[in-house]
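Have a look at the structure below before the remarks.
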Amino acid sequence: MLDKFTSPPRRHWMSGRASRRQVAGLAFIFLWFFIGGIAHFAATELEARIVPPWFPWPVAAVLVSGVFELLGAFGVLWAATRRQAGLGLFLLTLAVTPAHVYMLQRPELFPVPLWALWLRLPIQAALLWLILWSTWRPRGAGREAA
């Protein structure tokens, strides 16, 4: 009980500061989308191959999504933009789901083991959860009571 009064108060992510686990989640999200965004420019043609054929302008889609991945990656680093960047990355992750489904429908077109293509779906679900958990705070949660 004395420890309660002598040790500094623990800061919770809802009080305006991220917990260690949340910071780790933000670091993972940053790296995931930063590396992924760079890959969109470094391997544009390879990335364009996974865009479903019904989607027009696959190269443009890859480049635009690469820009949004990079913007989102940097956006999660600052508290002022974290919520918006998280929402954007969440929606972007949902938007690329057809590419993952297309790869599962046509695995013979891609040099990736079938088990890895199936594994991408639960990883994507976990990524969606991590984005929300790490970046979303109710409005006003960082304000201290006067």
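Residue numbers 149 to 294, in this note's numbering, belong to the letters of the sequence shown in order.
Just so it is clear, CB atoms sit at the ideal spot from N, CA and C, and this is done for glycine as well.
Source: prediction; values computed, not measured.
- Here DSSP, grouped into helix, strand and coil, assigns R168 to helix.
- In this structure, the alpha-carbon of A166 lies about 11 Å from that of W284.
- In the three-state scheme derived from DSSP, where H, G and I count as helix and E and B as strand, I183 is classed as helix.
- Of the candidates I183, H248, T229, the residue whose Cα lies closest to the Cα of L267 is H248.
- If you draw a straight line from the Cα of V199 to the Cα of A208, it comes to about 10 Å.
- Between A233 and G220 the beta-carbon gap is near 5 Å, inside 8 Å, which marks them as a contact.
- Pairing L174 with G184, the inter-Cα distance amounts to about 15 Å.
- Secondary structure of W205 (DSSP, three-state): coil.
- In the structure shown, I198 falls within a coil segment according to DSSP collapsed to helix, strand and coil.
- L265 and F222 have their C-alpha atoms spaced approximately 28 Å apart.
- For L275, the enclosing alpha helix (DSSP H) stretches over residues 262 to 283.
- For E217, the number of other beta carbons within 10 angstroms of its own is at least 16, and it is reported as buried.
- If you compare the alpha carbons of A190, R197, A187, V212 with that of R254, the shortest gap goes to R197.
- Counting of Cβ neighbours within 10 angstroms places T245 among the exposed residues, the total staying below 16.
- In this structure E195 is buried. Its beta-carbon is surrounded by 16 or more other beta-carbon atoms within 10 angstroms.
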